[in-house]
Every structure is written in C-alpha cells, then in structure tokens.
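Read through the structure below, which is laid out as structure tokens, and then see the notes.
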Amino acid sequence: MKISAPRGTFDILPEEALRWRWLEAAIRRVFDYYGYQEIRTPVFEHTELFQRGIGETTDIVEKEMYTFNDKGGRSLTLRPEGTAPVVRSYVEHKLYSKGGITKLFYMGPMFRQERPQAGRFRQFHQFGVELLGTESPLADAEVITVAVELYKELGLTDLEVLVNSIGCPACRKKYQEDLFSRLSSLQELCESCLRRLEKNPMRILDCKNPRCRELTKDVPAVTDYLCPACRDHLEKTLSFLDKAGIDYRLEPRLVRGFDYYTRTVFEVINAGLGAQNAVCGGGRYDHLVEEIGGPPMPGVGFASGMERLILTLEQQGKFAGFSSAPQVAFAVLDETLAADGFALATRLRREGLTVEACLEVKSLKAQMRAAGKLQAKFVVILGEDEWKDGQVSVRRMADGEQWRVDREEVCRFIKDLLDRDSSGREQERGSFS
RNA sequence: GUGGGCGUAGCUCAGUUGGUUAGAGCGCCAGGUUGUGGCCCUGGAGGUCGAGGGUUCAAAUCCCUCCGUUCACCCCA
19 MKISAPRGTF DILPEEALRW RWLEAAIRRV FDYYGYQEIR TPVFEHTELF
69 QRGIGETTDI VEKEMYTFND KGGRSLTLRP EGTAPVVRSY VEHKLYSKGG
119 ITKLFYMGPM FRQERPQAGR FRQFHQFGVE LLGTESPLAD AEVITVAVEL
169 YKELGLTDLE VLVNSIGCPA CRKKYQEDLF SRLSSLQELC ESCLRRLEKN
219 PMRILDCKNP RCRELTKDVP AVTDYLCPAC RDHLEKTLSF LDKAGIDYRL
269 EPRLVRGFDY YTRTVFEVIN AGLGAQNAVC GGGRYDHLVE EIGGPPMPGV
319 GFASGMERLI LTLEQQGKFA GFSSAPQVAF AVLDETLAAD GFALATRLRR
369 EGLTVEACLE VKSLKAQMRA AGKLQAKFVV ILGEDEWKDG QVSVRRMADG
419 EQWRVDREEV CRFIKDLLDR DSSGREQERG SFS
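Numbering (our numbering), first residue to last: 19 to 451.
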C-alpha cells in the first residue's frame, strides 16, 4: 500500500512552486505599497478562539475543523481561517495601545475538513488583510481597493466585485424576523433552504436553486432595512469606490457565512472557476475584537484563496514563459577533469551566474542532451584538448556557436554575451523574489 | 456527510461480443561521430490492468465490497 498525500492536500512540485513564488512576491509588493505589515501566527490555536470568533452555529465550527487534544488535554484546532488568529494576536499583544489604525496582512495554509472539489482543498492557502481601529467607510473602501488593485497587478481580468451591507445586529435582527415570517409559509423551498429558515434565513437569498430564486424574487433586500447609520456607512463606502474608479456591483443578496460580519460584506468572483467561484471574501467586523477579549474596536478585512487565484491565472494564461533554466551548464569529458570542472562551476556561481555543474561524467552527447533539456543558455565544456592549453569551450545553445576561452576569462566572457542579448522577457530563476 | 463520473506504463489514452507472451503516442535511457543538444532513425527499460473477493475452462473485460480520484450538493477561499 503506497502512501500518498492525504485527501484534499497536494504537493507543490518545483515547476508549480515557481508560480507560487511569483504570486507570493506580487502580493507582498502590493501590500508594501498600501502599508500593510506582515503578521505570522501559529497554524493551530485554542479551539475556543474559533468557536467564539467564527460562531458556534457556522458550518466551519460545527463540522469542518481539524480539532485534537494535546498531551495536556487542551483542545487545539488547525486554523480554518486567518482573521480570528490575527485578531487574537492583536488583542494579546495590545497592538491597539499604540493608538490609531493597525494594518496587517497574513499569508499561509488554512485547514478545513470538507470534501474536496474544484478549487477546494483541505489544506489550502489564503492571504488576507485586516485593518483595525477605525469605523470609517474609507477603511472599507481601502480594503476592497487593495484586493482589486492586487488582482489588477497580477494581470487578472473578468473578475467581478460584489458588495453589500448586512447592517448592524440591530437592523439585521428586524430583517431576519421579517424574512422568517414571509418565507416560513413557503413549503416549496428546497431542503437546505428549509433548514436555513431556522438557522439563518438570510442565506436563503443566495441559494443557487432556480426554484428558490424564483420564490424569493420579490423579497425585500437587507439594504431596505438598514438603520440610518448603516445606510450612511454603505452609501459612503460605495461613493468612495466610485470616486476611486473601482468597479463593483451592489448585490443585495450577498450574505457571508461567518457570524462576525457587520455592515459591509463583499466578494470577488471569477465565473471561470466552477462552483467555487469566490476568489476573495471579506467584510467589516465591528464586534469581533471585543468578542475575543479586547476593547471595543472596529475592523475590516478580506481573505483571498491562493489556489483559486493560481487556477485563474493559469486559465488566463498569465504563467507563460516561467523558467528555472540555468545560465550555464557544465560538461566534463573525463573523470580526471571532474574536480577542475566542479571548482570552475563554483567560481562562476560566486560571480553570480546560475550554474548547473557536471555531477556525472558521461558521454558528451549525453551531457549536451541534459544541458539542452535544462534549457541552459551556455555550456562550458572541459575537454583534455583545451584544458591542456588552459582553455575551455563555451557553446551558445541557441545557435550552436562555440568559442575557445581562457579559463580565467570564462566568467567575463559569458557575462558579456548574456548582457548583449538580455532583451529576453523570460522570468529568470529568482528574479521575482 | 450525500450523490454522479472515472481508476490499464512516468503522462495522455487504445484494448473489439470475456479467449494465446496487455498495446500506442509522448516522456525516459542507450546507440546512429574518435569530444557536441534540439529534428530524424534504431533499440531498450518500464505495468501484481487501484485492492480484495466471486462467476467462468478462461477476467483488464461480468458481479460484489473496499480504496483512491474527480465533479456537484451542503458550505466556502
């Protein structure tokens, strides 16, 4: 019985890892511009954090958490999302005591025990931002803007931004009650909607079942129930987005799954992804900090799924031309020259060239084939003939042109040639880190 | 957790109504030059046909169970 990666997990193999590195670098670059500072929290937390933060009745807490007891009998949970841990850390280290606004970002693996499907895994990766310490709708607008501008920076197109407000607990309560009384008579709703009716009637609004959509077509929107303050907050947020030229669609049926959201909620979706089409989800959480034991402190944030982004980037052809090809490969023709070849390769690396040394002395043909497969730009050949004259051969693989070069000059020689045709648009190894 | 599709070489897949040593393309390795890659040619390695059980003279092919995978539901990134 062969051992494979656990269900819902996957290996990121070298070719794929190149793409991840590129994406991670782009994300960090954009967050730098916007002044978000990285925070790294543990991958597991006390179970209680998520129970209190995300909400006891949410699906995540009810059935999707990887929870275990450590040897001291404490219940720990692999983090299913990033906001609660970041807020915990914010409270634990009293980051609010510096006063003003705190802007943080995180990136890393999350864990949820669900059945895998397209764009959904058990270990998956998210990055996200949390903007804490202000109730201003400018903060809502900024958080949405960071996401949108980041995706633009990645070169993504055809994304759609959905925005809504689910109000504060006060106006939402009234809405939920009205919704319940209107819908509780409708027995033709789908099974899951009948369950939602008890648990969270608002979720019925974003049911994908066409029949349910038809039945709830004329139901009033949450936005009709917003109190004056919440209404004002929404309108300002939208107007800031308008002014900044951020396209969005006001979607009154947009509801999100976590209990901690208040007022603004939003999503960025990509139709090409299949059923799991959300690439980003977020919103405002004005009571979460308090819930976790901190002072009353408002916040907004989003989380974005990296697997889904990479899938989208692949579909949109944004990964063409990635390569880890070395600039130089070595071919050594005789065992007696192995040490000299190894030493020369080391010198070239010290001079800053990416070099694949010769690790197995085989036929020149085999070594050339290997160099060709690596897509090396140049091959340095150590043969007895040239070595006894203090030289090596340097072959340019693109056109097969070949020179004899003094071994002391090799590095200079190759660098000159590389500079001359460095019009290449290819992503060289490490160039984006 | 529920439902559907799919499991044959490293990869993508053929495999006729069950019937001799299970195939192709690509990839890999080697050779076609005494020291030269990509194209071409030749040869080679590589499979407990997902696993277990059953039916049969005979199973990759039919039946059952399990496992894996994939898509969808629930929910979400």
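All C-beta atoms, glycine included, are put in the ideal place defined by N, C-alpha and C. These numbers were taken from a predicted model, which means no experiment stands behind them.
Residue j beta carbon less than 9 Å from that of residue i
i    : j    : result
R37  : I310 : no
F320 : V164 : yes
E167 : V105 : no
V398 : F348 : yes
V346 : A363 : yes
R302 : G312 : no
R271 : D224 : yes
D242 : T280 : no
F276 : E99  : yes
F139 : F28  : yes
L156 : F62  : no
I264 : V179 : yes
G290 : P134 : no
A394 : C376 : no
A247 : C186 : yes
S93  : E66  : yes
Y169 : V350 : no
Selection from the options that minimises the alpha carbon distance to residue i
i    : options                   : result
E74  : P187, N218 and E171       : N218
D88  : P103, T175 and H64        : H64
K406 : R413, R414 and R425       : R425
S342 : V373, P314 and A361       : V373
L177 : R133, E132 and N288       : N288
Q409 : G418, Q393, V428 and K391 : V428
T76  : T255, Y278 and P32        : Y278
I72  : G53, R97, G151 and D260   : R97
R430 : C376, G26 and G370        : G370
I328 : F145, D50, L351 and L201  : F145
I222 : I264, K170 and Y193       : Y193
E253 : Y51, A159 and A136        : A159
K226 : Q294, G185, L351 and F198 : Q294
V251 : I30, T152, R365 and C208  : A quick correction: the sequence has His, not Val, at residue 251. H251 has its Cα closest to that of T152, out of I30, T152, R365 and C208.
E332 : D50, H143, A188 and L172  : L172
L400 : C230, T354, I78 and T255  : T354
G339 : G390, Q420, W40 and I21   : W40
E269 : S183, R249, D260 and D50  : S183
E80  : F68, R422 and G91         : F68
Beta-carbon separation (whole angstroms), residue i vs residue j, contact threshold 8 Å
i    : j    : result
R274 : G299 : 6 Å
Y108 : T120 : 7 Å
T175 : Q334 : 7 Å
E402 : D352 : 6 Å
L197 : M220 : 7 Å
L392 : P344 : 6 Å
M315 : L150 : 6 Å
*Taking 8 Å as the threshold, find out whether the region 109-116 comes into contact with the region 82-96 through three or more Cβ pairs.*
no
*At what residue ranges does the region 356-396 contain a whole run of the alpha helix (DSSP H), taking only runs of 4 or more?*
356-368 and 382-392
*Just checking, does the region 277-286 make contact with the region 203-216 on the three C-beta pairs under 8 Å criterion?*
no
*Check whether the region 49-65 touches the region 122-129, taking contact to mean three or more Cβ pairs, one atom from each stretch, closer than 8 Å.*
yes
*Specify whether the region 409-418 and the region 376-396 touch according to this definition: at least 3 beta carbon pairs, one from each stretch, less than 8 Å apart.*
yes
*Flag this pair as touching only if the region 324-331 and the region 37-49 have three or more C-beta atom pairs under 8 Å; answer yes or no.*
yes
*Along the chain, which unbroken stretches of the beta strand (DSSP E) at least 3 residues long are found entirely within the region 196-244?*
none
*Are the region 225-238 and the region 198-209 in contact at 8 Å, needing three or more beta carbon pairs?*
yes
_Segments of 4+ residues assigned as alpha helix (DSSP H) that fall wholly inside the region 403-446_ = 428-438
*Which runs of the beta strand (DSSP E), 3 residues or longer, sit entirely within the region 97-121?*
none
*Counting only runs that start and end within the region 316-358, where is the beta strand (DSSP E) found for 3 or more residues in a row?*
317-323 and 346-350
*Jot down the residue ranges of each uninterrupted beta strand (DSSP E) in the region 51-82, minimum 3 residues, whole runs only, in chain order.*
62-64
*asked:* If we require 3 or more residues per run, which beta strand (DSSP E) segments fall completely within the region 252-295?
replied: 280-288
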